[in-house]
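Visitor:
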Amino acid sequence: MGDKVFEPGIKAGRLTAEAYADHFSDLHPALDTHEALVASDRCYFCHDAPCITACPTDIDIPLFIRQIATGTPDAAARTILSQNILGGMCARVCPTEQLCEQACVREVAEGKPVLIGQLQRYATDHLQAQDMHPFTRAETTGKSVAVVGAGPAGLSCAHRLAMLGNDVVIYDAQPKPGGLNEYGIAAYKTPDGFAQAEVDWLMQIGGISIQHGKTLGSDLSLDGLKSEHDAVFLGMGLGGVNGLSVPGADKDNVLDAVDFISDLRQAGDLGQIPVGRDVVVIGGGMTAVDAAVQAKLLGALNVTLVYRRGRGAMNASGFEQDLAASKGVRIVTHAMPKAVHGNGAAREIEFDYVDDQMQPTGETLQLAVDQVFKAIGQTLEGADLPVLDAGKIKVDAVGQTSVSGVWAGGDCASGGDDLTVTAVAEGRDAAMDIHAALSKNAG
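Add 342 to a position in the sequence shown, counting from 1, and you land on the number used in my numbering.
(1) Is DSSP giving Met343 helix, strand or coil here?
(2) Would you check if the distance between the CB atom of Gly429 and the CB atom of Thr466 is smaller than 9 Å?
(3) Starting from the C-beta of Met343, find all residues in its chain whose C-beta is less than 6 Å away, skip the five residues before and the five after it, and write them out in chain order.
(4) For Lys666, which of Gln699, Tyr530, Ile691 and Met774 has the nearest alpha-carbon?
(5) Residues in the same chain with beta-carbon distance under 8 Å from Ala687, minus the five sequence neighbours each way, listed in chain order, please.
(6) Leaving aside the five residues before and after Glu690 along the sequence, list all residues of the same chain whose C-beta is less than 8 Å from its C-beta, in chain order.
(7) Applying the 10 Å Cβ sphere with the 16-neighbour rule, what's the burial state of Met474?
(8) Helix, strand or coil for Lys353? Go by DSSP, reduced to three states.
(9) Classify Gly686 as helix, strand or coil using the three-state DSSP reduction.
(10) Need the endpoints of the alpha helix (DSSP H) that His376 sits in, please.
(11) Just curious, the beta strand (DSSP E) that Leu639 is in, first and last residue?
(12) Cβ-heavy atom distance between Gly429 and the ligand MN below 8 Å?
(13) Can you say whether Met505 is buried or exposed, counting buried as having 16 or more other CB atoms within 10 angstroms of its CB?
(14) When the Cα atoms are used, what is the spatial distance from Asp632 to Ala528?
(15) At 4 residues or longer, what runs of the alpha helix (DSSP H) sit wholly inside the segment 453-526?
(16) Leaving out five residues on either side along the sequence, give the residues of the same chain with a beta carbon under 7 Å from the beta carbon of Asp345.
(17) Three Cβ pairs or more, each shorter than 8 Å: is that satisfied between the segment 383-393 and the segment 745-754?
(18) Taking Val622 and Val648 to be in contact with their CB atoms under 8 Å, please state how far apart those CB atoms are, rounded to whole angstroms.
(19) Please state whether the Cβ-Cβ distance between Pro533 and Ser367 is less than 9 Å.
(20) Do the segment 595-613 and the segment 765-774 make contact, defined as three or more Cβ pairs closer than 8 Å?
(21) The beta strand (DSSP E) with His676 in it runs from where to where?
(22) So, are the CB atoms of Leu558 and Leu730 less than 9 Å apart?
(23) If you reduce the DSSP assignment to three classes, tell me which class Ala359 lands in.
(24) Just confirm the distance between the C-beta atoms of Leu469 and Ala396, as a whole number of angstroms; I'd bet it's less than 8 Å.
(25) Any idea what DSSP makes of Pro702, helix, strand or coil?
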């Protein structure tokens with residue numbers, strides 16, 4: 343960041359326009375055709391491919407890579423999208439290094455997997471650039487389904503239901519569709535408005551309408567949705583944020599990381615986003631890393647990410663941890679917040695060092711700070727919900743809840759990992775079960 347003189351306090355415009363453009367450019371530049379052919383040639387096209395098993399959406403990875411290798415990327419895209427309609431976004435944000443690429447035979451043998459994520463992006467981008475939708479809608483069933491939430495689970499569910507001939511109304515609290523894809527992911531992972539472009543492309547299937555500014559519990563009731571529609575899918579994610587229960591947590595400039603990321607994603611000019619000189623992020627997941635890295639990229643001088651357990655327990659992948667370190671983020675582990683100090687606004691934050699059993703060791707850490715971001719987990723909000731399990735909507739293997747005619751999936755449901763790709767799979771599978779139930783009732 344050069345010889346920039348850093349001013350204390352929180353301010354916008356710490357860097358030049360050129361620096362912002364450089365810092366927030368595409369994290370993984372797209373492969374060109376030659377690079378894609380070379381990368382695809384490394385695949386062994388395993389018959390019992392472990393990469394498929396490792397993919398939450400069960401994409402036939404060897405098949406789509408073979409299709410790229412034979413010069414048919416649009417066919418490859420169809421293979422991907424038939425299982426994961428948000429394959430373009432997942433290619434950008436999915437932790438492939440922990441899933442398909444970790445299971446790749448090349449990774450096991452050589453420590454260098456096939457570039458599955460980048461090849462998936464190459465194929466899906468090639469198709470989407472042609473403004474082509476690879477699927478056609480079936481004859482209408484006359485059935486109507488309400489989908490609450492326009493995030494990955496809701497969009498995946500809505501598309502599959504619409505493709506099967508059902509009419510779908512998506513109700514979403516935000517002014518734009520996309521959920522976390524639009525509001526909750528680092529800007530350098532999805533530049534150039536990709537999230538909205540992908541939603542627009544998905545909507546080409548037809549049969550889907552979206553109503554914005556609608557929240558379950560305040561604007562909508564479950565009984566009301568059931569009376570207006572033949573089935574309901576809940577995919578609204580986690581709207582609440584866990585609080586920081588230490589003295590001084592209510593001081594000025596102790597903020598939620600999700601709001602910081604959302605504001606940054608929606609900003610027309612990154613130079614208008616204020617950032618501190620000394621920033622501390624509390625947490626160990628993807629949100630924490632995204633907030634920490636982006637604070638550094640916005641021009642913060644010192645950014646420290648503090649997590650209460652060891653690195654191996656962090657939800658953020660090893661790749662993401664290394665990315666943060668490469669951008670100048672300091673990562674401190676085995677430390678728990680003890681107090682935030684300052685006269686009105688945060689000026690210092692104090693931590694207790696803890697052992698593996700989370701017990702204080704007697705040592706403390708004091709960090710100068712003018713901006714604190716909390717990334718310590720999110721919670722389900724809303725009234726009139728089905729039975730919960732550990733704070734999430736209890737569902738079975740296909741997403742059915744305790745309420746007849748109501749399914750759920752994504753982060754709000756008690757399914758698998760809180761990943762975009764998992765949410766897509768849960769939305770798709772729930773849609774298939776909803777369609778089967780509606781078809782049976784129609785018979």
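Each residue gets a CB set at the ideal place from its N, CA and C atoms; glycine is no exception.
A quick note: this is a predicted structure, and the numbers were derived from the prediction, not measured.
Guide: In short:
(1) Its pLDDT being 44, under 50, Met343 is placed unreliably by the model, and the measurement read from it follows with that caveat. Note: Met343 maps to coil in three-state DSSP.
(2) yes
(3) Its pLDDT being 44, under 50, Met343 is placed unreliably by the model, and the measurement read from it follows with that caveat. None.
(4) Residue identity differs from the one stated: residue 666 is Ala in this sequence, not Lys. Of the listed residues, the one whose Cα sits closest to Ala666 is Tyr530.
(5) Lys593, Asp594, Asn595 and Asp712
(6) Val682, His683, Gly684, Gln708, Leu709, Ala710 and Val711
(7) exposed
(8) strand
(9) coil
(10) Thr375 to Ser382
(11) No beta strand (DSSP E) holds Leu639; the alpha helix (DSSP H) holding it covers Met628 to Leu639.
(12) As far as ligands go, the structure on display features none, and thus does not contain the ligand MN.
(13) buried
(14) 5 Å
(15) 458-470, 494-505 and 522-525
(16) Low confidence applies here, because Asp345 scores a pLDDT of 47, under 50, leaving its location unreliable and the question unanswered by this model.
(17) no
(18) 6 Å
(19) yes
(20) no
(21) Taken as a continuous stretch (DSSP letters only), His676 belongs to no beta strand (DSSP E), as it is neither H nor E.
(22) no
(23) helix
(24) Rounded, the Cβ-Cβ distance is 24 Å, inconsistent with contact.
(25) strand
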